[in-house]
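Per the numbering used here, the sequence shown runs over residues 290 to 554. Reading through the structure tokens given below for one structure.
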Amino acid sequence: MDSQTGSNWFGLDGKLALVTGASSGLGARFATVLAEQGCKLVIAARRMDRLEALRDRLEAKGARVNCVCMDVSSVDSIEAGVAQAQALAGPIDILVNNSGVSTTQRLSDVTEKDFDFVFNTNTRGAFFVAQAVAKSMIERAKLLPNLESMPASRIINIASMAGLEVLSMIGIYCMSKAAVVHMTRSMALEWGRYNINVNAICPGYILTEINQAHFESDAGQKLIARLPRRRVGKPEDLDAVLLMLASGRSGFVNGAVISADDGPT
């Protein structure tokens with residue numbers, strides 16, 4: 290295999306990656322890309338039927354995949370899911386912290402239920418998933434004498450361009466993802482001493498099954514027309530930044546917040 294382009298270059302073969310929100314969209318793509326690079330996977334979400342279908346597709350290509358039911362709005366479910374992931378597959382090397390939800394309305398119309406729905410998943414859930422995984426990473430690191438001997442652990446938080454720039458009608462979502470950006474930097478500062486690199490990806494408008502109907506609508510087409518290159522992205526447009534941040538070669542990249550939005554921010 291070409292050492293400059295193959296999976297050996299990223300050094301991910303045999304690493305264990307936990308991907309949350311993996312039942313569809315970006316999460317399913319992240320899991321697929323990591324599997325193609327030789328990672329062992331634990332994929333997590335609420336919809337076990339979707340997870341199992343993805344597992345079957347990946348295993349047919351030779352991947353090693355386990356499924357875990359996890360509701361990130363519940364700390365008990367998070368802790369049980371992380372414990373199950375490690376019981377099934379071993380110590381987690383890479384976390385892709387991907388679960389996210391949104392609502393669409395003016396701020397003056399946001400209810401307490403709307404606010405809690407978004408923040409419980411996007412901010413609170415993301416925090417406690419990262420915390421649960423980091424605790425196990427820290428325990429493993431403490432068994433070793435110095436930074437150089439510690440495993441190269443990676444946490445990749447999936448934020449959003451909406452965490453960097455306010456967008457109309459999704460103000461609560463913007464606020465929740467802005468918190469993830471600052472959370473990423475805080476975690477990087479505190480956990481770096483254990484060789485845990487924590488970084489964030491801020492995707493722009495990416496076409497998935499969830500938003501396809503919107504982008505095909507008149508409102509969606511008007512939005513696309515205002516973008517710098519009059520286009521939305523595809524899930525595979527995030528592959529390179531994901532692999533860079535997951536790789537052991539990115540050891541000096543910690544606390545980075547990387548926009549992958551084709552220019553708007």
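C-beta: ideal position from N, C-alpha, C; glycine also. Note that this is a predicted model, so its numbers are computed, not measured.
(1) Tell me the rounded alpha-carbon separation between Phe513 and Thr412.
(2) Select from Val542, Leu534, Met450, Met337 the residue whose C-alpha is nearest the C-alpha of Leu384.
(3) With a Cβ-Cβ cutoff of 8 Å, do Val361 and Thr410 count as a contact?
(4) For Leu340 and Ala311, I'd like the C-alpha separation in whole angstroms.
(5) Tell me whether Arg395 sits in a helix, a strand or coil according to DSSP, three-state version.
(6) Can you name, in chain order, every residue of its own chain whose Cβ lies under 8 Å from the Cβ of Ile547, other than the five neighbours on each side?
(7) One question on the structure: do Ile499 and Gly314 come within less than 8 Å of each other, judged by their Cβ atoms?
(8) Are the Cβ atoms of Gly493 and Asn543 separated by less than 8 Å?
(9) Residues in the same chain with beta-carbon distance under 6 Å from Asn486, minus the five sequence neighbours each way, listed in chain order, please.
(10) Should Asn446 be labelled buried (16 or more other beta-carbon atoms within 10 Å of its own) or exposed?
(11) Buried or exposed: Asn435, going by 16 or more other Cβ atoms within 10 Å of its Cβ?
(12) Check Asp291 in the structure and name its three-state DSSP category.
(13) Under 8 Å, do Asn387 and Phe319 count as touching if we go by C-beta distance?
(14) Does the distance between the C-beta of Gln375 and the nearest non-hydrogen atom of the ligand HEM fall short of 7 Å?
(15) In chain order, what residues of the same chain have a beta carbon less than 6 Å from the beta carbon of Phe299, not counting five sequence neighbours either side?
(16) Taking the beta carbon of Leu396 as the centre, do at least 16 other beta carbons fall within 10 Å, making it buried, or is it exposed?
(17) Let me confirm a value: Gly379 is counted as buried when at least 16 other C-beta atoms fall within 10 Å, else exposed. Which label applies?
(18) Please determine if the region 421-429 and the region 458-466 are in contact, where contact requires at least 3 C-beta pairs separated by less than 8 Å.
(19) Can you tell me whether Gly452 is buried or exposed, with buried defined as 16 or more other CB within 10 angstroms of its CB?
(20) Would a C-beta distance cut-off of 8 Å place Val322 and Asp528 closer than the cut-off?
(21) Quick check on the DSSP output: what are the complete alpha helix (DSSP H) runs of length 4 or more inside the region 392-445, in order along the chain?
(22) Report yes if the CB atom of Val308 is closer than 8 Å to the CB atom of Ala374, and no otherwise.
(23) Within the same chain, show all residues whose beta-carbon is closer than 7 Å to that of Phe404, passing over the 5 residues directly before and after it, in chain order.
(24) For Ala430, I'd like the list of residues in its chain whose CB is within less than 8 Å of its CB, leaving aside the five on either flank, ordered along the chain.
(25) Mind checking whether Met458 and Thr554 have CB atoms under 8 Å apart?
(26) Which of the three DSSP states, helix, strand or coil, is assigned to Cys356?
Reading from the atomic positions:
(1) The question names Phe, but residue 513 is Ile in the sequence shown. About 28 Å.
(2) Leu534
(3) yes
(4) 7 Å
(5) coil
(6) Asn488, Ala489, Ile490, Cys491, Val530, Leu534
(7) yes
(8) no
(9) Arg443, Asn543
(10) buried
(11) exposed
(12) Because the pLDDT at Asp291 is just 40, under 50, the model does not fix this residue reliably, and the value given afterwards should be weighed accordingly. Looking at Asp291 - three-state DSSP - the assignment turns out to be coil, as it is neither helix nor strand.
(13) yes
(14) This structure lacks the ligand HEM; in fact it carries no ligand of any kind.
(15) Gln326, Leu532, Ser536
(16) exposed
(17) exposed
(18) no
(19) buried
(20) yes
(21) 401-408, 415-431
(22) no
(23) Ile461
(24) Met439, Pro440, Ser442, Tyr483, Asn484, Ile485
(25) no
(26) strand
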